[in-house]
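K.L.:
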Amino acid sequence: MLKSVIEFVCKLINGHRCLWIFVLIALNFNEIKRIFASFNFGFCQNNSALVHDASKETPQSSTEKTITSTEIKTTTTSSKIIRKFCSDIDIEHQGKLNISFGNLPLTFEEIAKRENPDETALFQPNTCTPPKNSRVAIIIPFRDETKALIRTRHLQYLLENMIPVLKRQQLHFRFYIVNQIAGSPFNRAKLLNVGYVEAIKDDPTMDCFIFHDVDLVLEDDRCLYSCDGYPSHYSVAIDKFRYRIPYKKIFGGIVQLDNEMFKAVNGFSNEFWGWGGEDDDMFRRVVKGENFTIHRKQPQFARYKMIEHKRDSGNRKNLERRPMINRWNFNPLIEKRFWQMDGLNSLKYSLISKEVNNCFVNVTVDLHFDMRMGPEELLLNELPENILNGKKV
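Spelled out as structure tokens, the structure:
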């Protein structure tokens with residue numbers, strides 16, 4: 001090719017000058033070669049540098065080519081795979097659910113076989129890592145003193161329906177069933193405190209706590225069971241109440257607080273023995289005690305079906321609930337002393353047993369009803385007589 005170029009140039013000029021041109025080209029061949037290569041004519045290129053050899057390249061998937069914070073990451077120096085964080089696009093909603101209690105529920109063994117938790121009753125997604133506030137402990141206060149094991153059946157209905165929902169929401173979660181031994185009035189709030197403490201013992205990274213009655217089953221999986229930066233009330237629309245909130249300051253049934261919030265309000269009160277009052281006390285701890293704003297879930301999604309039942313014989317109405325609630329109406333100093341000295345920092349119980357039961361952690365405790373304190377003991381008679389007697393609401 002180079003010879004043809006020289007002959008063409010010689011024809012254009014006088015013959016006696018051709019020799020000199022040839023000599024100049026020969027002396028500057030490498031420089032001329034570089035100049036021609038820069039014009040990509042193709043005859044002077046270093047082919048070994050330009051040919052794309054796919055056999056020498058490590059195959060890459062589409063997710064490896066564009067690395068972002070939400071994608072699976074790999075490196076050329078390590079075979080370790082870092083799983084992406086779960087996001088909304090990973091959630092597979094079904095929307096409204098067909099909840100029915102007409103048939104017998106699955107047994108705990110059947111639920112575990114179907115849902116496949118790990119050996120510690122932990123459920124977690126296989127394809128992504130839950131972000132902060134999606135490591136959830138669902139704590140259920142429990143006691144079944146019925147001959148027909150009615151409450152046990154309620155628990156089976158709840159787990160059968162809720163575990164698939166929470167798995168679709170890509171959560172890292174574990175159920176804690178906290179049993180109170182027989183022989184004393186039921187203390188829902190203290191059992192919830194116990195569940196929190198035992199969950200933290202098992203996994204200090206748990207950062208979201210949902211306190212859940214056993215007889216409420218979600219009807220729409222678009223109600224997300226993760227913490228969102230606010231104390232949240234979930235059970236805002238229950239079929240028993242025609243899917244309307246019963247009263248403005250309700251904070252019971254199913255509520256959620258993250259770890260820091262629950263510690264800030266000192267947990268629940270330990271002194272509500274029997275039915276009623278503990279959820280209203282918690283509302284005041286959250287709103288008046290710590291000035292948090294309660295977030296109520298959207299009623300079109302946070303819809304629940306209540307399993308019909310009679311009140312348990314061991315869960316009599318708490319006759320002291322009104323004076324204990326009324327202490328919040330006295331003055332700020334008294335209010336603060338009440339909730340700061342009654343809660344997580346005063347919690348006492350005896351752990352009878354703790355074991356993994358198929359798809360939940362089963363905790364059985366003695367709450368020591370004989371060591372309880374009444375409202376007048378908590379503040380050494382600092383409250384006026386009319387408030388102690390419940391005359392002020």
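In full-length UniProt numbering, the protein residues as written are 1 to 393.
Every residue, glycine too, gets a C-beta built ideally from N, C-alpha and C.
On a predicted model such as this, the values are computed, not experimentally measured, just so you know.
For R242 and R83, I'd like the C-alpha separation in whole angstroms.
P.N.:
Rounded to whole angstroms, R242 to R83 spans 43 Å at the Cα level.
K.L.:
Buried or exposed for E198, please, with buried defined as at least 16 other CB atoms from any protein chain shown within 10 angstroms of its CB.
P.N.:
E198 is buried by the Cβ-count criterion.
K.L.:
Beta-carbon within less than 7 Å of Y225's beta-carbon, same chain only, minus the 5 sequence neighbours each way: which residues are those?
P.N.:
Contacts found: V136, L166, Q169, L171, I210.
K.L.:
Just list the residues that DSSP pairs A237 with in beta bridges.
P.N.:
In the DSSP output, where bridge partners are listed per residue, A237 has R303.
K.L.:
What did DSSP end up calling residue 403 once you bin it into helix, strand or coil?
P.N.:
Limits of the chain in this structure are 1 at one end and 393 at the other, which puts residue 403 out of reach.
K.L.:
Are the Cβ atoms of F268 and K190 separated by less than 8 Å?
P.N.:
It is a contact, given that the beta carbons lie within the stated cut-off.
K.L.:
Reducing DSSP to helix, strand and coil, say where L323 ends up.
P.N.:
Note on identity: in this sequence residue 323 is Pro, with Leu being the wrong assignment. It is helical.
K.L.:
Give me, in chain order, the residues of the same chain whose beta-carbon lies closer than 6 Å to that of K240; leave out the 5 immediate sequence neighbours on both sides.
P.N.:
Around K240: M306.
K.L.:
Could you check the C-alpha separation between K297 and C223 for me, to the nearest Å?
P.N.:
Going by the C-alpha atoms only, they are around 7 Å apart.
K.L.:
In this structure, does DSSP put R143 in helix, strand or coil?
P.N.:
DSSP places R143 in coil when its eight states are reduced to three.
K.L.:
Flag this pair as yes or no: are the beta carbons of T364 and N187 separated by less than 8 Å?
P.N.:
No, they are not a contact pair.
K.L.:
Quick one: grab the DSSP three-state call for E110.
P.N.:
Note: E110 maps to helix in three-state DSSP.
K.L.:
Which term fits Y304, buried or exposed, when burial requires 16 or more other beta carbons within 10 angstroms of its beta carbon?
P.N.:
The residue is buried, with at least 16 neighbouring Cβ atoms inside 10 Å.
K.L.:
R322 to E119, Cα distance in whole Å?
P.N.:
If I take the Cα positions, the gap works out to 44 Å.
K.L.:
Please state whether DSSP places R174 in a helix, a strand or coil.
P.N.:
Strand.
K.L.:
May I ask you to report which of helix, strand or coil DSSP gives E355?
P.N.:
Residue state, collapsed to three classes: strand.
K.L.:
Based on the DSSP output, what are the partners of Q156 in its beta bridges?
P.N.:
According to DSSP, Q156 bridges with nothing at all.
K.L.:
Given a threshold of 16 other Cβ atoms within 10 Å of its Cβ, counted over all protein chains shown, does M341 qualify as buried or as exposed?
P.N.:
Answer is exposed; the Cβ neighbour count stays below 16.
K.L.:
Can we say the region 201-219 touches the region 259-276, given the rule of at least three CB pairs closer than 8 Å?
P.N.:
These segments touch.
K.L.:
Taking the alpha-carbon of P299 as reference, which of C86, L344, H233, N126 has the nearest alpha-carbon?
P.N.:
Looking at the Cα atoms, H233 is the closest of the given residues.
K.L.:
With DSSP as the reference, label Q340 as helix, strand or coil.
P.N.:
Q340: helix per DSSP, three-state reduction.
K.L.:
Could you check the C-alpha separation between W275 and S87 for me, to the nearest Å?
P.N.:
Near 39 Å, if we compare the C-alpha coordinates of S87 and W275.
K.L.:
Taking Cβ positions, are D213 and G253 nearer each other than 8 Å?
P.N.:
It is a contact, given that the beta carbons lie within the stated cut-off.
K.L.:
Can the beta-carbon of Y230 be found less than 8 Å from the beta-carbon of I150?
P.N.:
No, Cβ-Cβ distance for Y230 and I150 is not below 8 Å.
K.L.:
Which same chain residues, not among the five before or five after S69, have their C-beta less than 6 Å away from its C-beta?
P.N.:
Since pLDDT at S69 reaches only 29, below the 50 mark, its modelled position is unreliable, and the value read off the structure follows with that caveat. Once the five neighbours on either side are set aside, S69 has no close Cβ partner at all.
K.L.:
Can you tell me the Cβ-Cβ gap for F85 and P131, rounded? I've got them flagged as a contact below 8 Å.
P.N.:
With a Cβ gap of about 5 Å, F85 and P131 count as contacting.
K.L.:
Specify, as a first and last residue, the run of the alpha helix (DSSP H) that F262 falls within.
P.N.:
That run of the alpha helix (DSSP H) goes 259-264.
K.L.:
Look up R296 in the DSSP assignment and say whether it is helix, strand or coil.
P.N.:
Three-state result, R296: strand.
K.L.:
Got a sec, what are the start and stop residues for the alpha helix (DSSP H) D203 sits in?
P.N.:
Element bounds for D203: n/a, residue is neither H nor E.
K.L.:
Going by the DSSP bridge assignment, what does T129 pair with across the sheet?
P.N.:
The partner list for T129 (beta bridge, DSSP) reads F85.
K.L.:
Since I200 and Y176 should fall inside the 8 Å C-beta cutoff, what is the C-beta to C-beta distance between them, to a whole number of angstroms?
P.N.:
At roughly 11 Å, the Cβ-Cβ gap does not stay under 8 Å, so I200 and Y176 are not in contact.
K.L.:
Judging by CA-CA distance, which residue of P246, H93, N318, N116 is the nearest neighbour of E219?
P.N.:
Among P246, H93, N318, N116, the Cα nearest to that of E219 is on H93.
K.L.:
Thinking just about the alpha-carbon of each residue, which of I250, F251, V236 is nearest to the one in R244?
P.N.:
Minimum Cα distance to R244 is reached at V236.
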